[in-house]
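Comments concern the structure below.
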Amino acid sequence: MEVHFEEDGECTAGHLKAIDGTFVLKDTVLLEFKVNGEVVGKVKTPCDGVVSFGKGLKPGVLLAKGQVIAVMAECRHDIVIKDMCGDCGKDLREKGGRAGQRKEQATANVSMIHHVPELIVSDSLAKEIGSADETNLITTRKLVLLVDLDQTIIHTSDKPMSVDAEKHKDITKYNLHSRVYTTKLRPHTTEFLNKMSAMYEMHIVTYGQRQYAHRIAQILDPDARLFGQRILSRDELFSAQHKTRNLKALFPCGDNLVVIIDDRADVWQYSEALIQIKPYRFFKEVGDINAPKNSKEQMPVQIEDDAHEDRVLEEIERVLTNIHDKYYEKHDLRDAEQPLLDVKEVIKDERHKVLDGCVIVFSGIVPTGEKLERTDIYRLCMQFGATIVPEVTDEVTHVVGARYGTQKIHQAHRLGKFVVTVQWVYACVEKWMKADEKQFELTKESTPPVGRPLGSKYVNDLSNMDTIGKAALADMNNEVDEALSDEDEGEGDDDDSDEPERQDEDEMKQEKGSEEKKEEIERKIEKTDEKEKKEEMKEKDNRGQKRKYCPEMDDGEEESDSEEEDDEAPMSYKALLSRSRKEGRIVPETDEDEVYDVDDEKGHVAPTNMEDDDNEEDEDLPDSDDDDEFEDMAALIERQISDAADEKDNEMD
Numbered sequence: 002m003e004v005h006f007e008e009d010g011e012c013t014a015g016h017l018k019a020i021d022g023t024f025v026l027k028d029t030v031l032l033e034f035k036v037n038g039e040v041v042g043k044v045k046t047p048c049d050g051v052v053s054f055g056k057g058l059k060p061g062v063l064l065a066k067g068q069v070i071a072v073m074a075e076c077r078h079d080i081v082i083k084d085m086c087g088d089c090g091k092d093l094r095e096k097g098g099r100a101g102q103r104k105e106q107a108t109a110n111v112s113m114i115h116h117v118p119e120l121i122v123s124d125s126l127a128k129e130i131g132s133a134d135e136t137n138l139i140t141t142r143k144l145v146l147l148v149d150l151d152q153t154i155i156h157t158s159d160k161p162m163s164v165d166a167e168k169h170k171d172i173t174k175y176n177l178h179s180r181v182y183t184t185k186l187r188p189h190t191t192e193f194l195n196k197m198s199a200m201y202e203m204h205i206v207t208y209g210q211r212q213y214a215h216r217i218a219q220i221l222d223p224d225a226r227l228f229g230q231r232i233l234s235r236d237e238l239f240s241a242q243h244k245t246r247n248l249k250a251l252f253p254c255g256d257n258l259v260v261i262i263d264d265r266a267d268v269w270q271y272s273e274a275l276i277q278i279k280p281y282r283f284f285k286e287v288g289d290i291n292a293p294k295n296s297k298e299q300m301p302v303q304i305e306d307d308a309h310e311d312r313v314l315e316e317i318e319r320v321l322t323n324i325h326d327k328y329y330e331k332h333d334l335r336d337a338e339q340p341l342l343d344v345k346e347v348i349k350d351e352r353h354k355v356l357d358g359c360v361i362v363f364s365g366i367v368p369t370g371e372k373l374e375r376t377d378i379y380r381l382c383m384q385f386g387a388t389i390v391p392e393v394t395d396e397v398t399h400v401v402g403a404r405y406g407t408q409k410i411h412q413a414h415r416l417g418k419f420v421v422t423v424q425w426v427y428a429c430v431e432k433w434m435k436a437d438e439k440q441f442e443l444t445k446e447s448t449p450p451v452g453r454p455l456g457s458k459y460v461n462d463l464s465n466m467d468t469i470g471k472a473a474l475a476d477m478n479n480e481v482d483e484a485l486s487d488e489d490e491g492e493g494d495d496d497d498s499d500e501p502e503r504q505d506e507d508e509m510k511q512e513k514g515s516e517e518k519k520e521e522i523e524r525k526i527e528k529t530d531e532k533e534k535k536e537e538m539k540e541k542d543n544r545g546q547k548r549k550y551c552p553e554m555d556d557g558e559e560e561s562d563s564e565e566e567d568d569e570a571p572m573s574y575k576a577l578l579s580r581s582r583k584e585g586r587i588v589p590e591t592d593e594d595e596v597y598d599v600d601d602e603k604g605h606v607a608p609t610n611m612e613d614d615d616n617e618e619d620e621d622l623p624d625s626d627d628d629d630e631f632e633d634m635a636a637l638i639e640r641q642i643s644d645a646a647d648e649k650d651n652e653m654d
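Here it is, written out as structure tokens:
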């Protein structure tokens, strides 16, 4: 709806009484008009709406009858907080509905305020605010620095401990959620934040809860001078896995000025803007984490021995200062019409200089079965300017190994190349400068890497195992050859002249191991008896199930038989042998010797000439190659048992 000027005569515009683009109510004064310098009337709004003044309308301008003073439009709800419009104050939520269920559409969909995620604005307003923020940063020659908390600039523990306040002045104990927390600042944190605040607009971005994040901010910045209210906690993050989801909302015009410091790269999806920091661990957990609550045996938290010597933030301060200076050097050289320079390009260039010119070969670093390109060590080397090749050549400058003595390492020594541990790579990454290879030389005394610096994975457990030398392999091959040759000789002796000698050797073997074989067969029979009883019990249970669902089945005889069998005592070898003869399951070959075998499925003694024996399997019996020896041994044992029984009968007589 248009608002027209309806007065006659020469009138001039006075002061505007409303702000362009704001929501106003009906009968709100838009402007005053004058005649001969005196206010003679006012122009009011005919309805509620958002006012937009006509072009060129300002105090002192001559007004003509019918001229458009302003245009009234319905509220677009550009600012919404908890489903209430921040402009017109209208409740947009459906009656009885939940948060976000609106009866009227709104243009607001961008959350720009860190600690008030419920406050959202429209895309156009967000870009307008973001553009103003960018202009302010460029004017003050600053960049944006997103700072992670835990294990980046602090370390926190909720375990019981006693702290010497005089010795550790940078340790703070406080209560939160009915629990006592202890937070230790990383060395050089205070100096680092104060220096960075002159070059960066700093924001806290953490996965800690809101109350925790604001409590840490009070410790780091008691005057709210460094971070202000720019605190993004878990409660405001859009994703539980990635922090990058909030960047578009915080910086609607783009993240060209954003630099990140964090101990983890995965939560930022390996962004080029990330300066990854070695994790800071001050408290060493030595108690049982699974101990019951209020356990008196719970041990207090101890302190890492090397935590006091941490100088990581000093190195990061140098890196961030260099990035800031390089950025504005390039910014000053660009034309005003060119788009804003992206700080990620500066970071990429500076990072690439660290290992530029290094040609690296890995030895024992990449886990078996994993692609080289998917490992963190490969990603870091490529990010920092190195070239990775698979084999040692004249162009190679470094061989990075996990253990001394591999072929690649020997070849590198012959060619005069650097042979270093994997810690050399991480030292270069942590300091953003090429480390001295002599301090990380891989020798016979070098120990395999432990842990995962920077949270990376670079070595498989198999790389820590001792390899088999050539001499050991030769001895193993000789043993195999001798065993095969002995087997071939035994199988090839088929002459009649050698038959008596072979039989003598077999008899000696039988006599020597007769007692052992006897004990083995007795154990086997005991096992098969137990197995048979279990099978019978199982069959009894199955019959019970059948009677339950099929009561018309008559199995009384089977039940009585099974009960009688269950009451039987385990049979001895002799009794089992006698029973087998009566049932006709043993057929003697001669009057003097009867050869028996064991049916592994039923656990009974059975004749060796049964055709079904070829299909039976028993893991406790010898291989098929030893069947003849086993049969002879069984006959010998049978003769011994028969003689012992006869002697016993004679004594009784």
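Take 2 as the starting number for the sequence shown in my numbering and just add one per residue.
Glycine included, C-beta positions come from ideal geometry on N, C-alpha and C.
Classification of residue i by the beta-carbon crowding that lies within 10 angstroms, buried from 16 upward
{"i": "Val-344", "result": "buried"}
{"i": "Glu-75", "result": "exposed"}
{"i": "Cys-86", "result": "buried"}
{"i": "Glu-671", "result": "Given that the chain is displayed from residue 2 to residue 654, the structure contains no residue 671 and the question cannot be resolved."}
{"i": "Glu-431", "result": "buried"}
{"i": "Tyr-271", "result": "exposed"}
Unbroken alpha helix (DSSP H) run spanning residue i, endpoints
{"i": "Glu-135", "result": "124-140"}
{"i": "Glu-3", "result": "Where Glu-3 is concerned, there is no enclosing alpha helix (DSSP H), although the beta strand (DSSP E) it sits in stretches over 3-5."}
{"i": "Thr-191", "result": "190-197"}
{"i": "Leu-416", "result": "408-416"}
{"i": "Ala-428", "result": "423-432"}
Three-state secondary structure assigned by DSSP to residue i
{"i": "Val-355", "result": "coil"}
{"i": "Asp-224", "result": "coil"}
{"i": "Thr-667", "result": "This structure leaves residue 667 out entirely; the chain is present only between 2 and 654."}
{"i": "Arg-246", "result": "helix"}
{"i": "Tyr-208", "result": "coil"}
{"i": "Pro-326", "result": "This sequence places Asp at residue 326; Pro is not what is there. Of the three classes helix, strand and coil, the one that applies to Asp-326 here is helix, per DSSP."}
{"i": "Asn-257", "result": "coil"}
{"i": "Phe-274", "result": "Residue 274 is actually Ala in this sequence, not Phe. If DSSP states are grouped into helix, strand and coil, Ala-274 belongs with coil."}
{"i": "Asp-151", "result": "strand"}
{"i": "Ile-20", "result": "coil"}
Cα-Cα separation between residue i and residue j, rounded to whole angstroms
{"i": "Tyr-213", "j": "Leu-177", "result": "7 Å"}
{"i": "Ile-154", "j": "Thr-190", "result": "6 Å"}
{"i": "Cys-89", "j": "Ser-125", "result": "18 Å"}
{"i": "Leu-150", "j": "Met-434", "result": "25 Å"}
{"i": "Lys-66", "j": "Met-2", "result": "17 Å"}
{"i": "Arg-352", "j": "Ala-274", "result": "11 Å"}
{"i": "Tyr-208", "j": "Leu-186", "result": "18 Å"}
{"i": "Arg-103", "j": "Gly-97", "result": "10 Å"}
{"i": "Asp-264", "j": "Ser-132", "result": "30 Å"}
{"i": "His-5", "j": "Gly-57", "result": "15 Å"}
{"i": "Gln-219", "j": "Ala-225", "result": "7 Å"}
{"i": "Gly-246", "j": "Lys-327", "result": "The sequence given here places Arg at residue 246; Gly does not occur at that position. One C-alpha to the other measures close to 28 Å."}
{"i": "Met-59", "j": "Gln-106", "result": "The question names Met, yet the displayed sequence has Lys at residue 59. Going from the Cα of Lys-59 to the Cα of Gln-106 covers about 34 Å."}
{"i": "Arg-375", "j": "Glu-318", "result": "30 Å"}
{"i": "His-243", "j": "Trp-269", "result": "6 Å"}
{"i": "Cys-12", "j": "Thr-136", "result": "40 Å"}
{"i": "Ala-387", "j": "Glu-396", "result": "12 Å"}
{"i": "Glu-446", "j": "Thr-407", "result": "14 Å"}
CA nearest to the CA of residue i, picked from the options
{"i": "Asp-222", "options": "Lys-35, Asn-195, Glu-95, Phe-252", "result": "Asn-195"}
{"i": "Phe-54", "options": "Arg-380, Val-393, Val-25, His-411", "result": "Val-25"}
{"i": "Ile-205", "options": "Arg-235, Met-434, Thr-184", "result": "Arg-235"}
{"i": "Pro-253", "options": "Thr-444, Asp-134, Ile-82", "result": "Asp-134"}
{"i": "Thr-23", "options": "His-16, Gly-42, Val-72", "result": "Val-72"}
{"i": "Val-259", "options": "Ile-172, Leu-138, Glu-438", "result": "Leu-138"}
{"i": "Asp-437", "options": "Thr-422, Ser-447, Gly-406", "result": "Thr-422"}
{"i": "Arg-231", "options": "Gln-152, Ala-403, Met-203", "result": "Met-203"}
{"i": "Ile-80", "options": "Pro-60, Thr-108, Gln-68", "result": "Thr-108"}
{"i": "Leu-673", "options": "Lys-432, Lys-354, His-332, Glu-392", "result": "The shown model of the chain, from 2 to 654, leaves out residue 673, and the question about it has no answer."}
{"i": "Leu-251", "options": "Val-268, Ser-240, Asp-267, Leu-233", "result": "Leu-233"}
{"i": "Val-426", "options": "Ile-378, Lys-285, Leu-186", "result": "Ile-378"}
{"i": "Cys-48", "options": "Leu-31, Gly-38, Gly-57", "result": "Leu-31"}
{"i": "Val-401", "options": "Ser-112, Lys-439, Glu-371", "result": "Lys-439"}
{"i": "Gly-229", "options": "Asn-323, Asp-165, Ile-114", "result": "Ile-114"}
Delimiting residues of the beta strand (DSSP E) encompassing residue i
{"i": "Leu-32", "result": "30-36"}
{"i": "Cys-382", "result": "Counting along the chain, Cys-382 falls outside any beta strand (DSSP E), though it belongs to the alpha helix (DSSP H) covering 377-384."}
{"i": "Tyr-175", "result": "172-177"}
{"i": "Glu-39", "result": "39-45"}
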